[in-house]
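Quick notes on the structure that follows.
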Amino acid sequence: MNVEPGTLNAQFMHAAIELAIDGVNAGRGGPFGAVVVKAGQIVGRGCNQVTATNDPTAHAEIAAIRDACAALRTFRLVGCELYASCEPCPMCLAAIYWAHIERFYFGCTAADADAIGFSDEAIRRQIALPTAARSIPAIPLMRSESLAAFQAWTNKADRVPY
0 MNVEPGTLNA QFMHAAIELA IDGVNAGRGG PFGAVVVKAG QIVGRGCNQV TATNDPTAHA
60 EIAAIRDACA ALRTFRLVGC ELYASCEPCP MCLAAIYWAH IERFYFGCTA ADADAIGFSD
120 EAIRRQIALP TAARSIPAIP LMRSESLAAF QAWTNKADRV PY
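Residues in the sequence shown are numbered from 0 upward in steps of one, following numbering that gives the first Met the number 0.
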């Protein structure tokens, strides 16, 4: 489904695009911006800051989700939408799901990002592979000892479900 400008909250997409352009002009990182919206109000904003912070997780969507969670004082963004200037990478897509965002909109596609040197296709291919077949070794270690943390969680009567 391709939504035409003006039909669904184009002002929010414009805000995400503006954050992306401002971030580029300020030298913060790649050309990506995002906003989180709840009840018609922007509650979280972010632009890519990977190179400015030397943090490979400082993507626009992650920053906007963190900002929204802090503003709303919750880790579950139920009832929220995310507007991103570009299709989310696998990390950001996972964060959208973990945050329980109800829907997201994006401007540029992953192919558009690839065309200017921001390719996540290799990551997408790696995720689809079995763990043992991935290019970065993932080595199981001390599973039985690690299960103690899961048991502590299971036994915790006042745990907060994700």
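The beta-carbon is built from N, C-alpha and C at its ideal position, and this holds for glycine as well. Remember, it's a predicted structure, so these values are computed and weren't measured experimentally.
My guess is that G249 and N47 are in contact by the Cβ rule of under 8 Å, so how many angstroms apart are they, rounded? One cannot answer for residue 249 here, as it falls past the ends of the chain, which runs 0 to 161.
So what's Y161 in DSSP terms, helix, strand or just coil? coil
Would you verify that the beta carbon of D113 is, or is not, closer than 7 Å to some beta carbon of chain B? Structure shown: chain B not included; a single protein chain is present.
Does DSSP classify G32 as helix, strand or coil? strand
Taking only the alpha-carbon atoms, compute the straight-line gap between Q150 and A132 and give it to the nearest angstrom. 30 Å
Among all the DSSP beta bridges, which residues are the ones paired with E80? V36 and R102
Tell me the DSSP secondary structure of R142 in three-state form. helix
Out of A67, G28 and A14, state which residue places its alpha-carbon closest to the alpha-carbon of I95. Measuring from the Cα of I95, the nearest candidate turns out to be A67.
Once the 5 residues before and after T130 are set aside, which same chain residues still bring their CB inside 8 Å of it? A137
According to DSSP, is R75 part of a helix, a strand, or is it coil? R75 falls in the coil class under three-state DSSP.
Can you give me the start and stop residues for the alpha helix (DSSP H) that L128 sits inside? That residue, L128, is in no alpha helix (DSSP H); it is neither H nor E in DSSP.
Ends of the alpha helix (DSSP H) at T108? No alpha helix (DSSP H) contains T108, which DSSP labels as neither H nor E.
Spell out a yes or no on whether the region 31 to 38 and the region 57 to 76 are touching, meaning 3 or more CB-CB pairs, one atom from each, closer than 8 Å. yes
List the whole-angstrom C-beta distance separating L18 from G45, where the pair is believed to meet the contact cut-off of C-beta under 8 Å. Contact holds; Cβ gap of about 7 Å.
Taking 7 Å as the limit between beta carbons, can you name the residues of its chain near H99, skipping five residues before and five after? If we look at H99 and ignore the five residues flanking it on each side, its Cβ neighbours are R75, L76 and V77.
Could you check if P87 is buried or exposed, using at least 16 other CB atoms within 10 Å of its CB as the buried criterion? buried
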